[in-house]
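Numbering (our numbering), first residue to last: 300 to 689. Taking it in order: structure first as structure tokens, then the write-up.
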Ligand SMILES: *Cc1c(COP(=O)(O)O)cnc(C)c1O
């Protein structure tokens, strides 16, 4: 038997062999002409993936949390009002980060499995002048998908900067940064972008850059300060050598490879693949009498699914059975209900084959643990849904 395991958690994900191969090149100098070209290309390809020809991209070594930290550090000053729209664990994390920089935050928390209504958001924006608002596009703790477009429109109406945490959505869900006038869209390498962990990726609008330039106080975080990074990004894009902090050379080579794969597939087609697979997977899950955490499928992400364990089954045992079948899934993350659900990532290079392996292992695990179902039921629904929709 092969020792090969299928990593189906919501990041890190299964990476394309070409991306992993690119990681393994002999590390070059960060100012070698070939690497300058790779870095420059990566910045340009980000604009295509984000649909932000006018944006200013940043590629910095770190994780998605650094990208969040960078947005807060550069745009927020002491006593600024910031509205945090939360649908889970990562909304609260943004609130913590913003408070660290002295923001007066107001957090609107959706009930578990739901989103904050536009009426609630508008009422809050009307009540006082907010400098910025944050949206979690897909909250990875709940599998909830928020539509950022109408919220970005509200932000514009009330002269507020909009910041999208797209860590679990960029390259997997629909994003039109320039058209929707989102000021910041940020992510990390290890999710739908499809590169091993270690890169924070962020795109800032012209307006966001203006707000940063007009700050009254210096950015209180040396590493995150755009004053240090903007000249570097400009230099690489103009194919000039430059240095602030040593770039993660091999990761950036892998990033260029992955962004090229994404653009070759085409971003719209890629998002559609995520939607089709997610829809079929949710139908299969429902046919196994399992319930997803989002209150309706319209609120369910296309990059991962959060699913309640059946009441009669011990969750830890189910995960262990799945691992025995070489399929790795993730447990719950939202502290209040952590032990009651599991998560399956389906983003990046994910294929129907991967999800059939998950469903097969899941059916067997459920049956062995005493959850009644007919083997092949979920697989059949999955197959039928894919055949019908394609
Ligand atoms: C994973 C994730 C983060 C945090 O990213 P790290 O790379 O783990 O720091 C933030 N927000 C969302 C929505 C995420 O899915």
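Virtual Cβ for every residue (Gly too), placed ideally from N, Cα, C. Values in this document were obtained by computation on a predicted structure and should not be read as measured data.
Answer yes or no: do residue i and residue j have a C-beta to C-beta separation smaller than 7 Å?
i	j	result
residue 599	residue 593	yes
residue 437	residue 416	no
residue 337	residue 540	no
residue 506	residue 479	no
residue 366	residue 518	no
residue 414	residue 381	no
residue 642	residue 309	yes
residue 551	residue 348	no
residue 306	residue 627	yes
residue 435	residue 389	yes
residue 601	residue 574	yes
residue 498	residue 484	no
residue 475	residue 578	no
residue 603	residue 644	yes
residue 335	residue 514	no
residue 421	residue 453	yes
residue 536	residue 339	yes
residue 491	residue 470	yes
residue 356	residue 345	yes
residue 612	residue 668	yes
residue 493	residue 647	yes
residue 379	residue 430	yes
residue 311	residue 496	yes
residue 614	residue 608	yes
residue 624	residue 660	yes
residue 557	residue 318	yes
residue 466	residue 487	yes
How would you write the range of the alpha helix (DSSP H) that residue i sits in, first residue to last?
i	result
residue 521	First-last for residue 521: undefined, no H or E at that position.
residue 484	No alpha helix (DSSP H) contains residue 484, which is instead part of the beta strand (DSSP E) from 483-487.
residue 553	548-564
residue 532	525-536
residue 420	417-426
Quick check on residue i: buried or exposed, where buried means 16 or more other Cβ atoms within 10 Å of its Cβ?
i	result
residue 542	exposed
residue 321	buried
residue 581	buried
residue 662	buried
residue 546	buried
residue 521	exposed
residue 653	buried
residue 458	exposed
residue 553	buried
residue 428	exposed
residue 433	buried
residue 616	exposed
residue 419	exposed
residue 482	buried
residue 635	exposed
residue 565	exposed
residue 620	buried
residue 402	buried
Taking only beta-carbon positions, decide if residue i is within less than 7 Å of chain B.
i	result
residue 458	As a matter of chain content, chain B is missing from the structure shown, which is built from one protein chain.
Hey, could you find the ends of the beta strand (DSSP E) residue i is sitting in?
i	result
residue 355	355-360
residue 408	403-408
residue 672	Note, residue 672: premise wrong, no beta strand (DSSP E); not H, not E.
residue 434	431-435
residue 502	498-503
In chain order, what residues of the same chain have a beta carbon less than 8 Å from the beta carbon of residue i, not counting five sequence neighbours either side?
i	result
residue 516	376 and 377
residue 672	587, 588, 662, 665 and 666
residue 385	391, 393, 394, 406, 407, 408, 409, 415, 435 and 438
residue 326	548 and 549
residue 502	345, 346, 349, 351, 354, 355, 356, 357, 476, 483, 484 and 485
residue 324	549 and 552
Report all residues from its chain with a CB closer than 7 Å to the CB of residue i; omit the five preceding and five following residues, and keep chain order.
i	result
residue 656	305 and 626
residue 576	645, 649, 651 and 654
residue 658	583, 677, 678 and 681
residue 618	628, 630 and 641
residue 510	374 and 460
residue 399	none
residue 423	382, 405 and 407
residue 569	470 and 561
residue 528	357, 359 and 543
residue 530	541
Kindly list the residues whose CB is nearer than 6 Å to the CB of residue i, restricted to its own chain and excluding five residues on each side of it in sequence; keep chain order.
i	result
residue 632	388 and 440
residue 590	607
residue 524	518
residue 674	662
residue 555	337, 340 and 341
Open item on the list: Going residue by residue through the stretch 581-647, where are the continuous alpha helix (DSSP H) segments of at least 4 residues, counting only ones entirely within it?
Closed with: 614-623
Open item on the list: Please give me, in chain order, every unbroken run of the beta strand (DSSP E) with length at least 3 that falls completely inside the stretch 319-396.
Closed with: 355-360 and 380-385
Task: Uninterrupted beta strand (DSSP E) stretches inside the stretch 439-496 (no shorter than 3 residues) - done: 460-464 and 483-487
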